[in-house]
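The numbers in the sequence shown follow our numbering, run straight up by one, and end at 502.
Data first, discussion second: the structure below is written as structure tokens.
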Amino acid sequence: MMAGRDGLDLSLLPDGGLRWLDASGPNADVVISTRMRLARNVMGYAFTGRAREGERLRLVAQVRDAVAGVSALRDGILVRVDALGEPERQLLHERHLVSKELAGLDGAHPVRGGAVAFLADGVGVLVNEEDHLRLQALRSGFAVGEAFAAVDRLDRELGGRLPYAFHREFGFLTACPTNAGTGLRASVLIHLPGLVLTKEISKVLAGLQQMGLTYRGLYGEGSDVVGNFFQLSNQTTLGRTEEELQDLLVRVVRHVIEREEEARRVLVREAGYIIEDKLWRAYGTLRYARSLTFDEAMNYLSSVRLAVGLKLIPGVRTYTLNKLLVFAQAAHVARREGRALSEGEAAQARARHVREVLAAEGADG
């Protein structure tokens with residue numbers, strides 16, 4: 138049976154839904170996580186953007202009945218996103234558990250009635266987003282095959298209980314034509330400080346686009362690149378099989394990883410003491426700063442994450458730094474303090490939390 142909840146109790150999920158940050162997957166020093174997402178729609182309903190609230194709520198009821206028989210979601214939770222306040226919706230978004238659209242965080246598109254998320258360990262189903270359903274799987278590191286296997290299993294089980302909208306020529310039908318076909322968006326969240334510092338990043342990103350991939354910031358479409366964290370994903374789905382899209386992502390990202398690793402070797406070889414000093418200064422700032430803006434925190438965490446990858450700073454786990462990328466964000470800072478914060482108060486609370494976490498790690502120069 139599914140452990141349904143109409144509020145927000147993420148303690149029911151392993152590590153609060155953040156297991157994808159645990160740095161256990163392949164190439165985890167460079168690739169933070171892999172996400173596979175499938176867009177699906179259910180026959181008999183208007184696309185979400187044109188559906189009335191009553192129709193969206195009927196869809197939720199039908200999906201809830203179907204989810205009850207899906208093994209991957211059996212121990213999951215139901216979150217009524219439309220019943221949450223903005224801080225809780227922002228919290229879910231910061232953990233990469235729901236999209237910005239489902240959370241209603243775009244000022245032009247408030248949260249829809251019937252916005253729901255079924256969340257379990259590493260997988261989820263978002264209901265009444267741009268499409269009726271967004272199925273997703275998140276895994277640590279560069280784990281394309283593992284993430285796809287998880288979302289494919291979820292898709293097969295749910296598709297056996299719901300009539301998906303499918304066309305023999307065009308494949309799965311979606312609200313946006315670029316998602317039609319397989320409906321698959323395959324992406325990785327990757328850390329590329331070496332390429333940024335060696336000024337090779339523009340060439341690499343231009344090459345990605347020529348190969349059919351696109352890049353965005355930490356939170357995908359519409360988000361800025363901060364802290365040298367990039368989300369790389371396929372641009373279109375129509376005309377390619379799921380296997381072809383996975384192969385493309387694997388081939389291109391593997392090349393980017395190799396370029397990043399070479400850039401890091403160049404930095405150590407040609408500017409070793411300068412880089413070491415820069416990275417230790419970043420660590421010192423995080424350890425002792427009394428105020429940190431979000432951008433400052435992301436940039437310093439990027440530097441320390443690079444230092445840990447180069448084995449220049451001992452005693453700090455990549456997992457700790459990955460979690461700080463989330464817990465240093467606005468909704469998490471406010472939740473920890475138990476109240477709404479001004480920008481200045483948030484900067485002080487963020488710095489305090491980072492200091493406490495890093496002091497507990499105990500790195501020693």
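C-beta atoms are modelled at their ideal positions from N, C-alpha and C, and glycine is treated no differently.
Contact under 7 Å by Cβ, residue i with residue j
i, j, result
"ASN459", "GLY364", "no"
"LEU423", "ILE169", "no"
"LEU263", "VAL235", "yes"
"ALA240", "HIS233", "no"
"LEU369", "LEU382", "no"
"HIS392", "PHE366", "no"
"VAL197", "VAL253", "yes"
"LEU299", "VAL179", "yes"
"GLU283", "GLU238", "no"
"TYR456", "ALA160", "yes"
Under the three-state DSSP convention, the category residue i falls into
i, result
"SER339", "helix"
"ALA312", "coil"
"ILE450", "coil"
"VAL491", "helix"
"PRO224", "helix"
"ASN164", "coil"
"MET139", "Since pLDDT at MET139 reaches only 48, below the 50 mark, its modelled position is unreliable, and no value is offered."
"THR351", "strand"
"ASN371", "strand"
"PHE366", "strand"
"HIS269", "coil"
"PHE307", "coil"
"HIS469", "helix"
"ALA497", "helix"
"HIS233", "coil"
"LEU150", "coil"
"ARG290", "helix"
Whole-angstrom C-beta distance between residue j and residue i, which should lie under 8 Å
i, j, result
"VAL506", "PHE255", "With the chain running from 138 to 502 in the structure shown, residue 506 is simply not present."
"LEU478", "ALA486", "6 Å"
"PRO330", "LEU443", "4 Å"
"VAL403", "ALA419", "That pair is no contact at about 19 Å."
"VAL362", "ARG396", "Going by Cβ atoms, the distance from VAL362 to ARG396 rounds to 17 Å, so no, they are not a contact pair."
"ASN164", "ILE394", "6 Å"
Residues bridged to residue i (per DSSP)
i, result
"MET173", "ALA274 and ALA323"
"ALA254", "VAL216 and LEU263"
"TYR182", "Partner(s): none; TYR182 has no beta bridge."
"GLN383", "Note: GLN383 sits in no beta bridge, so no partner."
"ASP202", "In the DSSP output, where bridge partners are listed per residue, ASP202 has none listed."
"ASP243", "HIS246"
"GLY318", "GLY308 and PHE309"
"TYR301", "VAL179"
"HIS328", "PHE366"
CB contact check: residue i to chain B, cutoff 7 Å
i, result
"GLU266", "Although the question refers to chain B, the structure presented lacks it and comprises just one protein chain."
Check: residue i C-beta below 6 Å from any heavy atom of the ligand ATP
i, result
"VAL167", "Annotation note on the ligand ATP: not contained in the displayed structure, which lists no ligands."
Under 8 Å, with one C-beta from each stretch per pair, do the segment 431-450 and the segment 184-193 reach the 3-pair mark? no
Tell me whether the segment 297-310 and the segment 272-280 touch, counting them as touching only if at least three CB pairs, one residue from each stretch, are closer than 8 Å. no
Do the segment 210-230 and the segment 339-349 touch if we need at least three Cβ pairs shorter than 8 Å? no
Pairing CB atoms from the segment 321-340 with CB atoms from the segment 171-185, are three or more of them under 8 Å? yes
State whether the segment 215-223 contacts the segment 155-170, with contact taken as three or more CB pairs (one from each stretch) at a distance under 8 Å. no
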